[in-house]
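K.L.:
Residue numbers (this note's numbering): 213 to 650.
(1) Sorted by chain position, which residues of the same chain lie with C-beta nearer than 6 Å to residue 437's C-beta, five sequence neighbours on each side aside?
(2) If contact is defined by three or more beta carbon pairs under 8 Å, each pair taking one atom from either stretch, is the stretch 516-532 in contact with the stretch 397-409?
(3) Mind checking residue 416: buried by the 16 CB within 10 Å criterion, or exposed?
(4) Just to confirm the assignment, what range does the beta strand (DSSP E) spanning residue 599 have?
(5) Go ahead and label residue 358 buried or exposed: buried means 16 or more other beta carbons lie within 10 angstroms of its beta carbon, across all protein chains shown.
(6) Between 649, 632, 647, which lies nearest to residue 641 when the distance is taken from Cα to Cα?
(7) Which residues mark the beginning and the end of the beta strand (DSSP E) in which residue 681 is found?
(8) Ignore the nearest five residues each way along the sequence and tell me which others in residue 323's own chain have a CB closer than 7 Å to its CB.
(9) Whose C-alpha, out of 338, 369, 343, is nearest the C-alpha of residue 353?
(10) Run through the stretch 454-501 for me and flag every whole beta strand (DSSP E) of 3 or more residues, listed as ranges in chain order.
(11) With H, G and I counted as helix, E and B as strand and the rest as coil, what does DSSP make of residue 443?
(12) If you reduce the DSSP assignment to three classes, tell me which class residue 653 lands in.
(13) Distance check for residue 576 and residue 261, CA to CA, integer angstroms please.
(14) Hey, out of 628, 279, 540, whose CA is closest to residue 392's CA?
(15) Please name the residue in 467, 599, 429, 515 whose C-alpha comes closest to that of residue 311.
(16) With which residues is residue 615 paired in a DSSP beta bridge?
(17) Using the rule of at least 16 other Cβ atoms within 10 Å of the residue's Cβ for burial, across every protein chain shown, is residue 371 buried or exposed?
(18) Is the stretch 293-302 in contact with the stretch 607-620, if contact means three or more CB pairs nearer than 8 Å?
(19) Straight-line CA distance for residue 461 to residue 281?
(20) Assign residue 501 to buried or exposed, taking buried as 16 or more other Cβ atoms, counted over all protein chains shown, within 10 Å of its Cβ.
(21) Measuring only the C-alpha atoms, how far is residue 494 from residue 480?
(22) Can you check which of these residues, 603, 595, 574, 568, is closest to residue 583 by C-alpha distance?
(23) Mapping the DSSP letters down to three states, classify residue 638 as helix, strand or coil.
(24) If you drop the 5 nearest sequence neighbours on each side, which residues of the same chain put their C-beta closer than 6 Å to that of residue 418?
(25) CA-CA distance, residue 506 and residue 330?
(26) Going along the chain, which residues of its own chain have a beta-carbon closer than 7 Å to the beta-carbon of residue 395, five neighbours each way excluded?
(27) Report buried or exposed for residue 552, applying the criterion of at least 16 other Cβ atoms within 10 angstroms of its Cβ.
(28) Can you give, in chain order, each stretch of the alpha helix (DSSP H) that sits fully within the stretch 550-614 and has at least 4 residues?
(29) Take the Cβ of residue 645 as the centre, count every other Cβ of all protein chains shown within 10 Å, and call the residue buried at 16 or more, exposed below.
(30) Between residue 566 and chain D, is the shortest Cβ-Cβ distance under 8 Å, so that the two count as touching?
(31) Identify whether residue 543 lies in helix, strand or coil by the three-state DSSP scheme.
(32) For residue 579 and residue 599, which I take to be in contact (beta-carbon distance under 8 Å), what is that distance rounded to the nearest angstrom?
(33) Please report the straight-line C-alpha distance between residue 519 and residue 535, rounded to a whole angstrom.
(34) Under 6 Å Cβ to Cβ from residue 455, same chain only, skipping five residues before and after it: list those, please.
(35) Would you tell me roughly how many angstroms separate the C-alpha atoms of residue 317 and residue 426, rounded to the nearest one?
(36) How is the beta strand (DSSP E) around residue 299 delimited, first residue to last?
Written out as structure tokens, the structure is:
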């Protein structure tokens, strides 16, 4: 999993580009009657795949992204010989698509009785509180044997407890659902809990459920809401045309493109083919399998061993997974920012969960504005001049009232507190006003 892909495609493009370059730069020899030809110009972008002008980007963002593609891709390497093939990495939910595929898959599973009764709700997460265990046990009952489907389509109370814990990290009565210690830049229990709810399923079953949820959500009109239990949530998903075009262009320009998502990897794989990416280029929460079925175990990263969600692709965890799976950097070193040759050229995300890997990019940092403080503080400060901030492509948010508190609460600390956000030189990022919005 996580290979850098075959270079044959890039080489083929490079050979074609080289042939085009030779043809376009050939000039007739000068004679006494004919002035010498002017120096040949760069080919008319023959090896520079172009972003489509038919999809709207904010301001000069398309031009900024095109410049990066030209600088790092085949336009600057017409023979297809990259010292290091450039890499682009994207978050998935609300970055490549509008809305959330984890929510969509869980909602579909609950409406179709596909969640299996655990032996004990306490087993589903090491951080689940006794209050949450009691609430789930009471609402979902104990009549259904362990490993059998819960009747969540009809049992509104059970469905509501699951949805509330997933969305708010609280029970329906308002009690905290998770407690204990975890690194808040490496995991968040309610995110890890969704793949853990699929324990007992075979991978092919979850793939099937994710694909059915995908078909349902793509068919629903934009703006559709669905009701799960008594909870209302988005009932549609759309691929962003701009992002599909960007990924297409990056691949044509010789980039290796990956998805790195905090959704279950199996679920993300059911969606990533829609932008031309395969399972080897799709990274997500990697559940452990025993005897052909998912368990509540989750693969670790770097020097963090396999466990139950101590690290997932979340904030610094996304850097670790990129370093480990794409650049093959192992152990504790995978948590550290690498030298430029072992970093992505383009990173794209929409939330604080993405800020570390997006900030690691050496060519362009693409931030979709969902009013998330740490990401937007970085983007609006634009310390290296390479940030590309864009409103959401569907139903963009209006201008945020007030400033982002970058100087005081812009950084999510490992202990869950907040502090000042700093630039690489140690200076504090000042508060920022939202100036790029719908």
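Note that CB positions come from ideal geometry on N, CA and C, so glycine has one too.
P.N.:
For this structure:
(1) 444, 447
(2) yes
(3) exposed
(4) 599-603
(5) exposed
(6) 632
(7) Since the first residue of the chain shown is 213 and the last is 650, residue 681 is not available in this structure.
(8) 365, 440
(9) 369
(10) 468-476, 494-497
(11) strand
(12) Past the boundaries of the shown model lies residue 653; the chain is included only from 213 to 650, so the question cannot be answered.
(13) 17 Å
(14) 628
(15) 429
(16) 645
(17) buried
(18) no
(19) 8 Å
(20) exposed
(21) 7 Å
(22) 603
(23) coil
(24) 410, 478
(25) 12 Å
(26) 626
(27) exposed
(28) 567-572, 585-593
(29) exposed
(30) This model lacks chain D altogether; it includes just one protein chain.
(31) helix
(32) 6 Å
(33) 20 Å
(34) 308
(35) 8 Å
(36) 299-302
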